[in-house]
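Undergrad: Numbering (my numbering), first residue to last: 1192 to 1418.
1. What ranges does the alpha helix (DSSP H) occupy inside the stretch 1274–1343, keeping only unbroken runs of at least 4 residues that lie completely in it?
2. What number of angstroms, rounded off, separates the C-alpha of residue 1266 from the C-alpha of residue 1273?
3. What number of angstroms, rounded off, separates the C-alpha of residue 1357 from the C-alpha of residue 1268?
4. Counting C-beta neighbours from all protein chains within 10 Å, is the total for residue 1415 16 or more, i.e. buried, or is it exposed?
5. Are the beta-carbon atoms belonging to residue 1395 and residue 1372 less than 8 Å from one another?
6. With 16 as the cutoff for other CB atoms within 10 Å, does residue 1205 come out buried or exposed?
7. According to DSSP, is residue 1235 helix, strand or coil?
8. If you run the structure through DSSP and keep just helix, strand and coil, what is residue 1356?
9. Going by alpha carbons, who is nearest to residue 1340 out of 1229, 1326, 1352?
10. Starting from the C-beta of residue 1290, find all residues in its chain whose C-beta is less than 6 Å away, skip the five residues before and the five after it, and write them out in chain order.
11. Counting beta carbon pairs with one atom in the stretch 1284–1300 and one in the stretch 1242–1257, are three or more of them shorter than 8 Å?
12. Taking 8 Å as the cut-off, decide whether the C-beta atoms of residue 1316 and residue 1352 are in contact.
13. Expressed to the nearest angstrom, what Euclidean distance is found between the alpha-carbon atoms of residue 1314 and residue 1366?
14. Alpha carbon to alpha carbon, how far is residue 1238 from residue 1224?
15. Between the C-alpha atoms of residue 1276 and residue 1318, what's the straight-line distance to the nearest angstrom?
16. Measuring alpha carbon to alpha carbon, tell me which of 1264, 1342, 1250 ends up nearest residue 1165.
17. Mapping the DSSP letters down to three states, classify residue 1362 as helix, strand or coil.
18. Just mark residue 1323 as buried or exposed, buried being the case when its beta carbon has 16 or more other beta carbons within 10 Å.
Printed below as a string of structure tokens:
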């Protein structure tokens, strides 16, 4: 009986040992599979991010090749044009005609980029309207009636923009009107109305200043700060 008990005990211990070993193997296998899964997910995310960044960089590079001035503002383009013009003058002065020719060639698309980004002003709008009207008259003189319809549509679209681009005199009149409204409200002791009038006056002055800067009648304060 004692031998039987001992044999059973040994068999029980061996079975427990195998169970522990099997559990350890299963746990290790699970940890390995989980680690591989996490690694594959992380690798996939990294590859996807890298692919997205490379695609963005490629698009940016292509856009830069197609339009080298696309990410520059109007003021930056004007400054670049002035710098290139100075380089051109110096090249001509030093009789470096090959360099001068290259600079002059590069200034052509630069000038086009400047014109494409030039802020719309009432003066510019009126010049565009006059140019389209001239084209219409020319088409009528040549009896090219098929050209008149699209030109007339373009003219009407430009004329509609007048309301959003008041003249300097109209903006100055708006400032004077706002000032008069404030004075009238103050004389009536309508302080709420005077406060509203002050808001309207500030807005009118800001629009006038922005228009005068766009027209080149006054300098931009930001340019003075840079200088």
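Heads up, the beta-carbon is just placed ideally off N, CA and C, and yes, glycines get one too.
The structure presented is a predicted model; accordingly, all values stated were derived computationally and were not measured.
TA: So, from the data block:
1. 1288–1308, 1313–1332
2. 11 Å
3. 26 Å
4. Confidence in residue 1415 is poor, its pLDDT being 45 and thus under 50, which makes the residue's placement unreliable; the coordinate value appears in the next sentence. Answer is exposed; the Cβ neighbour count stays below 16.
5. no
6. exposed
7. helix
8. coil
9. 1326
10. 1282
11. no
12. yes
13. 20 Å
14. 21 Å
15. 26 Å
16. Residue 1165 is absent from the structure shown; the chain starts at 1192 and stops at 1418.
17. helix
18. buried
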